[in-house]
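Chemist: Residue numbers (the UniProt record's numbering): 1 to 208. Just so it is clear, CB atoms sit at the ideal spot from N, CA and C, and this is done for glycine as well.
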């Protein structure tokens with residue numbers, strides 16, 4: 001067991017307890033939550049072979065976003081995250097697009113479970129999304145079912161036909177498979193945990 005493994009286990013256990021405790025949602029939410037928890041990695045899941053830690057321009061906002069999370073409703077998860085973030089490799093992940101020349105400097109993602117993450121997993125992905133202030137993350141979709149847990153930053157969120165709405169820290173948001181969704185940050189960065197289950201092999205794609 002490496003020095004990092006207990007920190008990963010702590011992060012995953014804290015996140016799972018938080019998701020299990022989420023109150024007051026309808027049957028679709030509860031069904032997908034149960035599906036997610038059924039593939040949750042065990043404490044003895046195999047370590048991955050993560051890439052060398054990588055920082056992108058958007059990561060300049062991470063210290064402030066983490067500090068805000070440590071002072072917010074998800075402080076327990078943020079504290080667990082602080083111990084493992086130095087080992088993470090951050091990526092942008094979308095093809096270069098001349099219509100959005102600055103987006104790769106404003107958005108970053110990092111896998112914790114699955115992908116290039118710290119734990120291997122065949123049926124689940126867990127990671128982080130970091131979006132700089134005053135940034136529009138364009139409408140996108142993916143076959144995977146996704147949950148987002150906002151750790152810090154209040155962004156305007158759209159999902160499917162629902163009207164745009166602010167989602168503050170502590171929000172747990174479901175994106176069913178292939179549902180178009182988008183986020184726009186204001187004066188503060190957005191830091192959130194995401195989970196994927198279902199078809200986690202197919203990538204996200206921008207819709208315009």
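By Cβ distance below 7 Å, which residues in the same chain neighbour residue 1 in space, the five residues on each side in sequence not counted?
Modeler: By one-based count along the chain shown, residue 1 stands at place 1. Unreliable positioning characterises residue 1 in this predicted model, as indicated by a pLDDT of 40, which lies under 50. The coordinate reading is nonetheless provided below. If we look at residue 1 and ignore the five residues flanking it on each side, it has no Cβ neighbours.
Chemist: Can you check the region 74 to 153 for any beta strand (DSSP E) of at least 3 residues that lies completely inside it and give the ranges in chain order?
Modeler: Listed in chain order, they are 107 to 113, 124 to 131, 136 to 141 and 145 to 152.
Chemist: Please report the distance separating the alpha-carbon of residue 195 from that of residue 93.
Modeler: Your numbering for residue 195 matches position 195 in the chain shown. Your numbering for residue 93 matches position 93 in the chain shown. Roughly 16 Å between the two C-alpha positions.
Chemist: If we ignore side chains and look at the alpha-carbon of each, how far apart do residue 37 and residue 57 end up?
Modeler: Translated into the one-based positions of the chain shown, residue 37 becomes position 37. Translated into the one-based positions of the chain shown, residue 57 becomes position 57. Cα to Cα, residue 37 sits roughly 33 Å from residue 57.
Chemist: Could you check which residue in 127, 15, 134 and 177 has the C-alpha nearest to that of residue 73?
Modeler: As a position in the chain shown, residue 73 is number 73, starting the count at 1. It is 15.
Chemist: First and last residue of the alpha helix (DSSP H) that includes residue 55?
Modeler: Here residue 55 refers to the residue found at position 55 when the chain shown is read from its first residue. Taken as a continuous stretch (DSSP letters only), residue 55 belongs to no alpha helix (DSSP H), as it is neither H nor E.
Chemist: Quick one: Cα of residue 83 to Cα of residue 7, how far?
Modeler: Within the chain shown, residue 83 is the residue found at index 83, counting from 1. Within the chain shown, residue 7 is the residue found at index 7, counting from 1. Roughly 6 Å separates the two Cα atoms.
Chemist: Report buried or exposed for residue 135, applying the criterion of at least 16 other Cβ atoms within 10 angstroms of its Cβ.
Modeler: Locating residue 135 in the chain shown gives position 135, counting from the first residue. By the 10 Å Cβ count, residue 135 comes out buried.
Chemist: Which residues bound the alpha helix (DSSP H) around residue 63?
Modeler: For this step, residue 63 is matched to residue 63 along the chain shown. Unbroken alpha helix (DSSP H) run through residue 63: 62 to 70.
Chemist: Kindly confirm or deny that the region 117 to 124 and the region 153 to 170 touch, where touching means at least three C-beta pairs closer than 8 Å.
Modeler: Cβ pair count under 8 Å is below three, so no.
Chemist: Helix, strand or coil for residue 272? Go by DSSP, reduced to three states.
Modeler: Because the chain spans 1 through 208 in this model, residue 272 falls outside it and cannot be assessed.
Chemist: Where does residue 122 land, buried or exposed, given buried means 16+ other C-beta within 10 angstroms?
Modeler: Numbered from its first residue, the chain shown carries residue 122 at position 122. Exposed: under 16 other Cβ atoms inside 10 Å.
Chemist: Taking the alpha helix (DSSP H) that residue 172 belongs to, which residues open and close that run?
Modeler: What you label residue 172 is simply residue 172 of the chain shown in a count that begins at 1. Where residue 172 is concerned, there is no enclosing alpha helix (DSSP H), although the beta strand (DSSP E) it sits in stretches over 172 to 175.
Chemist: Can you list, in chain order, the residues of its chain with a C-beta nearer than 7 Å to that of residue 171? Leave out the 5 residues immediately preceding and following it.
Modeler: As a first step, residue 171 must be located in the chain shown, where it is residue number 171. These residues qualify, in order along the chain: 150.
Chemist: Looking only at its chain, what residues have a beta carbon closer than 8 Å to the beta carbon of residue 178, apart from the 5 residues adjacent to it on each side?
Modeler: Counted from its first residue, the chain shown places residue 178 at position 178. For residue 178, where only same-chain residues beyond five positions count, the Cβ hits under 8 Å are 141, 142 and 143.
Chemist: With the cut-off set at 8 Å, would you say residue 66 and residue 80 are in Cβ contact?
Modeler: Translated into the one-based positions of the chain shown, residue 66 becomes position 66. Translated into the one-based positions of the chain shown, residue 80 becomes position 80. Result no, Cβ atoms of residue 66 and residue 80 do not sit closer than 8 Å.
Chemist: So is residue 175 buried or exposed if we call it buried at 16+ other beta carbons inside 10 Å?
Modeler: Numbered from its first residue, the chain shown carries residue 175 at position 175. Under this definition residue 175 is a buried residue.
Chemist: Helix, strand or coil: how does DSSP classify residue 39 here?
Modeler: Counting from 1 along the chain shown, the entry for residue 39 is found at position 39. Residue 39 falls in the coil class under three-state DSSP.
Chemist: Could you check where the beta strand (DSSP E) with residue 191 kicks off and where it finishes?
Modeler: The residue given as residue 191 occupies position 191 in the chain shown. Element bounds for residue 191: 190 to 197.
Chemist: Going by DSSP, what residue range makes up the beta strand (DSSP E) through residue 156?
Modeler: The residue you call residue 156 lines up with position 156 of the chain shown. Looking at the DSSP string, the run of the beta strand (DSSP E) that includes residue 156 is 155 to 159.
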